[in-house]
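To start, the structure under review is shown below, and the notes come after it.
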Amino acid sequence: MSDWPDEAVEYLQAIADTKLVLGHRNAQWSLAGPSLEDDIGGSSAAQEEVGHVRQLFRMLQQQGRDDDWLQGDRDPTEFNNVSALDVIDGEWPEYVATIAPADRAAWYLLDAIDRDDMDGMITKIGEEEYFHLEYHDARLETLAEEYPSRIQETLEETLPQTMAFIGPSTYDDDADPLLDAGFTDTSIASIRDSFADHYRELFDDTPVSLDGVDWTAPDPDDWDETRRRVGSGGISDEDIRQLTGEENAMFAR
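Going by the working numbering, the sequence shown runs without a break in its numbering and finishes at 246.
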């Protein structure tokens, strides 16, 4: 049985689900990049995300989560990933401007966890995430020069959705339940500030303007704390079949 607060289990579940879907999206795009370097980078990131998910799922199993359920034996609305990852419409610029914020947000939330039994795992994941995030930022800067309107339009959608995943600004130093419980050492409000500052600085000297981004999202009254999003929706049934390997289960050994 779980010895964590329920909110902590759901918090880690959302991080793990986001990484699960990130790995899936990276794999889907691993042969669709504009260069061999991008294809290799996407394939490598997909493999590393799978490794991260396995470690996080083990922690969740220790808190009472069923392994089959974790692996995908659930409905689309039971996946608590960043909502921007549900569907990626467009081509390479839209893909990068969707996965990059989601990956960074998942890392910021994971890095905020303050538990001795997770320190080594988080440090190892962080070593690999460093290269993911550096790669994303480099690609975003290049794409901002080549396709400024497409990057800007996509970020105006994906950044607020990712801010919703991080959590509401009302979760500050005095009113963040996981900070108060000692599960994290950084408030959601502080993580939001770091996330927003990063992207404002990244695009400061590019043709992309972030003035149209709703940095106040989400509205606390509309926010689903379990799914870390506003509204319904989820990944597709086809995504779940691919994640679980259902169509090729006969070949599993």
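No residue lacks a Cβ here, since even glycine has one placed at the ideal position from N, Cα and C.
Distance between beta carbons of residue j and residue i, contact taken as under 8 Å
i: E259; j: E41; result: Summary: the structure shown does not reach residue 259, with the chain confined to residues -6 through 246, and so no result is reported for it.
i: A90; j: T147; result: 4 Å
i: I228; j: F72; result: 6 Å
i: I144; j: I184; result: So it is not a contact: roughly 23 Å between Cβ atoms.
i: T199; j: E138; result: 6 Å
Same chain, Cβ closer than 8 Å to residue i, five either side skipped, listed in chain order
i: P(-2); result: P170, L171, A174 and F176
i: H191; result: R97
i: L29; result: The predicted model places L29 with a pLDDT of 49, which falls under 50 and marks its position as unreliable, so this point remains unresolved.
i: T151; result: A77, A90, T91, P94 and A95
C-beta atoms of residue i and residue j nearer than 8 Å
i: A157; j: S37; result: no
i: Q56; j: V2; result: yes
i: I118; j: L102; result: no
i: Y123; j: W22; result: no
i: D212; j: V223; result: yes
i: L15; j: L53; result: no
i: I233; j: P86; result: no
i: S202; j: A182; result: no
i: A105; j: D178; result: yes
i: Y164; j: S180; result: yes
i: G226; j: D79; result: yes
i: G83; j: E149; result: no
i: L195; j: L133; result: yes
i: R18; j: I81; result: yes
Counterpart residues of residue i in DSSP-defined beta bridges
i: T177; result: I106
i: R222; result: D217
Other residues of its chain near residue i: CB distance less than 6 Å, five sequence neighbours each side excluded
i: Q154; result: S76 and A77
i: A7; result: N73 and R221
i: L13; result: V46
i: A20; result: A39
Beta-carbon proximity list for residue i, same chain, < 7 Å, skipping 5 on both sides
i: R246; result: At R246, the pLDDT of 45 sits below 50, so the modelled position is not reliable; the number obtained from the coordinates is stated separately. So no residue of the chain qualifies.
i: D10; result: F72, N73 and N74
i: Y140; result: P86
i: G65; result: I233, L236 and T237
Residue-chain proximity (residue i, chain D), Cβ-Cβ < 8 Å
i: Q21; result: The structure shown contains no chain D, having only a single protein chain.
The ligand HEM heavy atom lying under 7 Å from the CB of residue i
i: W22; result: Looking at this structure, you won't find the ligand HEM or any other ligand, since it has none at all.
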